[in-house]
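Below: the structure, in structure tokens.
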Amino acid sequence: MKCPYCQHQDTSVLDSRPASDNNSIRRRRKCARCLKRFTTKEHVELLDLSIIKKDGRSEPFDRTKLLRGILKACEKRPVRRDKIENAINDIETSLRLMDRTEIPSRLVGDMVMERLKTLDEVAYVRFASVYRRFTEARQFVEAAREAAKFNKSASQKGAWGRIRRITASAPL
Ligand SMILES: [Zn+2]
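First residue of the sequence shown: 62, per my numbering; consecutive thereafter.
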């Protein structure tokens, strides 16, 4: 990306974040020569993402399928639909920012679990049980403990306040 001030070719990316439409990414850049900063808005070229499953088969990334899985885990739980949509948007954006077209399903599952952990402990345990194929009661207990521990330490550290502030701040 060329610097708009001095036309120098070498610029570095300071940070990247999804724009409000979630179909583009804003990057803050800095010119290596004149040190001026500027922002670019890059449209994500919607490459076909493939999800590589545990058995090695691949299937196209399917947002609707991901939504179904999360909705199922959140059934009858007080999780707002817009929070779920946000989680999926973030996950999809992160996947597309990875600059690769083949993504292991494990990675997507982990991303969903990370989000569910903060949204609802029960939904988290439900999703984990399907995704990690729990076969023993002990595994449910461990997952529940893990989610509870996370939420406890997050509130102690004030991480919730931080997360809320980031969520509430307007995109660039
Ligand atoms: Zn420059």
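A virtual CB, placed ideally from N, CA and C, is assigned to each residue, including glycine. Here the structure is a predicted model, which means the values were calculated and not measured.
Three-state class that DSSP yields for residue i in the structure shown
i	result
E136	coil
P65	coil
K45	Beyond the ends of the chain as shown, which are 62 and 233, falls residue 45; an answer cannot be given.
E197	coil
R141	coil
S81	coil
Member of the options whose CA lies at the smallest distance from the CA of residue i
i	options	result
M172	I86, A93, A148 and D109	A148
D109	K102, E120, S166 and E207	E120
D116	P165, V202 and S214	P165
L128	R176, E203, S73 and R194	R176
I152	R78, S73 and T72	R78
S190	M174, T179 and L180	M174
V183	A208, F122, R90 and C95	A208
One or two residues paired with residue i in a DSSP bridge
i	result
D76	R89
K102	R87
E120	I112
E163	S111
Burial state of residue i (16 or more Cβ within 10 Å)
i	result
T162	exposed
K102	exposed
V140	buried
W221	Per-residue confidence for W221 stands at a pLDDT of 44, beneath the threshold of 50, marking its modelled position as unreliable; no derived number is given.
V169	buried
C64	buried
*asked:* With a threshold of 8 Å, are at least 3 pairs of Cβ atoms found where one atom belongs to the segment 73-91 and the other to the segment 126-146?
replied: No, because fewer than three Cβ pairs between the segment 73-91 and the segment 126-146 fall closer than 8 Å, the two stretches do not touch.
*Do the segment 139-158 and the segment 199-211 touch if we need at least three Cβ pairs shorter than 8 Å?*
The segment 139-158 is not in contact with the segment 199-211.
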